[in-house]
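All remarks here apply to the structure that follows.
Residue numbers (our numbering): 42 to 354.
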């Protein structure tokens, strides 16, 4: 098994300092299932000093190769990584993930066990633990809020390359935030692939602690996610996808009621959220902010849907 780890990145230089050394120092153990491995970093047109740092640092990690593209989004970045990768097995992680030394060995073991039980139509999905502890991320325990029911999320998955080739790689129409990995997952599911949970392949997802100043960027991300949600639905016009992208009357009603029709928003809620942050409750503040963040998402996906419908007349 030759494993290629693909890591897209954009303006995350400080977090890469944690991510790349962790993935570069792997303990494969005795009788390893992995014959060789590499790390492919794709910079998606960063405007910080990522390139300078990569140029100076990667020479210390011979298994890491890096490439750069214009800012085209994570789908295009992962596709470029696939184009440059030499492995028959692909591992996708995000550039804000810090993995353990046994990470690759755990994925390899999970794939082997899955193939023995279900043949080759499997991929492994590792555990992702969210943390704001940048100094010592691996001390963070697994929490209920870390659970994910996603079928194919590229924060921490391993899959045979030939299935990606057969499914058709990532759709670069997803040029903004959201859904490009789950959309590929729909195509993989149509090919009959089975998800194998692999909790031993642990990745610690570094998240900057919530502050009120981050609300504009979080709102923009939800609006982007809404727009990309329409592209997801256009490709797969099913009720399941409508539920995933929150394009249903139920979601309109739910987030409309909880946000009081948008009355609870970043302006009216800012004093309370700031009060929670000042009392060292940033995670609670973020969860409360998700009420109006989801309302922005629902409004964006429906606005994109209405514009699409008008364009078809």
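Here a beta-carbon is modelled for each residue, glycine too, at the ideal position from N, C-alpha and C.
What does residue 164 pair with, by DSSP beta-bridge criteria?
Taking the first residue of the chain shown as position 1, residue 164 is located at position 123. Answer by DSSP bridge pairing, in chain order: 200, 236.
Could you tell me the distance, in whole angstroms, from the CA atom of residue 112 to the CA atom of residue 222?
Counting from 1 along the chain shown, the entry for residue 112 is found at position 71. Counting from 1 along the chain shown, the entry for residue 222 is found at position 181. Between residue 112 and residue 222, the C-alpha separation is close to 18 Å.
Flag this pair as yes or no: are the beta carbons of residue 253 and residue 314 separated by less than 8 Å?
Counted from its first residue, the chain shown places residue 253 at position 212. Counted from its first residue, the chain shown places residue 314 at position 273. Yes, Cβ-Cβ distance for residue 253 and residue 314 is below 8 Å.
For residue 320, name the three-state secondary structure that DSSP assigns.
On the chain shown, residue 320 is found 279 positions in, with the first residue counted as 1. In this structure, residue 320 counts as coil in the three-state DSSP scheme.
Residue 242 in three-state terms, based on DSSP
As a first step, residue 242 must be located in the chain shown, where it is residue number 201. Strand, per DSSP.
Give me whichever residues DSSP pairs with residue 247 in a beta bridge.
Numbered from 1 along the chain shown, position 206 holds the residue referred to as residue 247. In DSSP, residue 247 forms a bridge with 172.
Take the Cβ of residue 124 as the centre, count every other Cβ of all protein chains shown within 10 Å, and call the residue buried at 16 or more, exposed below.
Here residue 124 refers to the residue found at position 83 when the chain shown is read from its first residue. Result: exposed.
Of the residues 179, 239, 207, which one's Cα is nearest the Cα of residue 166?
Position 125 of the chain shown, counted from the start, is the residue given in the question as residue 166. When only C-alpha atoms are compared, the closest one is 239.
CA nearest to the CA of residue 292, picked from 337, 277, 46
Walking along the chain shown from the start, residue 292 turns up at place 251. The candidate whose alpha carbon is nearest that of residue 292 is 337.
Is the CB-CB distance between residue 274 and residue 262 below 8 Å?
Reading the chain shown from its first residue, position 233 is the one you call residue 274. Reading the chain shown from its first residue, position 221 is the one you call residue 262. The answer is no: Cβ separation not under 8 Å.
Segment contact, 8 Å Cβ cut-off, at least three pairs: the segment 123-142 with the segment 191-203
yes
Would you say residue 231 lies against chain B (beta-carbon separation less than 8 Å)?
Annotation note: the requested chain B is absent from the structure, which comprises a single protein chain.
Kindly indicate which residue of 94, 145, 58 has the alpha-carbon position closest to the one of residue 241.
Along the chain shown, read from residue 1 onward, the residue named residue 241 stands at position 200. The shortest Cα separation from residue 241 among 94, 145, 58 belongs to 145.
Length of the line joining the Cα atoms of residue 171 and residue 243:
Numbered from its first residue, the chain shown carries residue 171 at position 130. Numbered from its first residue, the chain shown carries residue 243 at position 202. Roughly 11 Å between the two C-alpha positions.
Could you please give the first and the last residue of the uninterrupted beta strand (DSSP E) stretch that includes residue 257?
Position 216 of the chain shown, counted from the start, is the residue given in the question as residue 257. No beta strand (DSSP E) holds residue 257; the alpha helix (DSSP H) holding it covers 256-276.
Tell me residue 49's beta-bridge partners as DSSP assigns them.
Locating residue 49 in the chain shown gives position 8, counting from the first residue. 83.
How long is the line joining the alpha carbons of residue 215 and residue 116, rounded to whole angstroms?
Reading the chain shown from its first residue, position 174 is the one you call residue 215. Reading the chain shown from its first residue, position 75 is the one you call residue 116. Distance between the alpha carbons of residue 215 and residue 116 is about 7 Å.
My guess is that residue 305 and residue 317 are in contact by the Cβ rule of under 8 Å, so how many angstroms apart are they, rounded?
As a position in the chain shown, residue 305 is number 264, starting the count at 1. As a position in the chain shown, residue 317 is number 276, starting the count at 1. That pair is no contact at about 14 Å.
Count Cβ pairs between the segment 142-156 and the segment 98-114 that sit closer than 8 Å; are there 3 or more?
no
Of all the options 64, 322, 84, 339, which has the alpha carbon lying nearest to the alpha carbon of residue 52?
For the purposes of this step, residue 52 is taken as the residue at position 11 of the chain shown. For residue 52, the nearest C-alpha among the options comes from 84.
Between the Cα of residue 298 and those of 332, 217, 267, spot the shortest distance and give me the residue it belongs to.
Within the chain shown, numbered from 1, the residue matching residue 298 stands at position 257. Selected option, being the one with the closest Cα: 332.
For residue 222, which of helix, strand or coil comes out of DSSP?
Along the chain shown, one-based indexing puts residue 222 at 181. If DSSP states are grouped into helix, strand and coil, residue 222 belongs with the helices.
Option in 44, 86, 341, 134 with minimal Cα separation from residue 77:
For this step, residue 77 is matched to residue 36 along the chain shown. When each option's Cα is compared against that of residue 77, the closest is 44.
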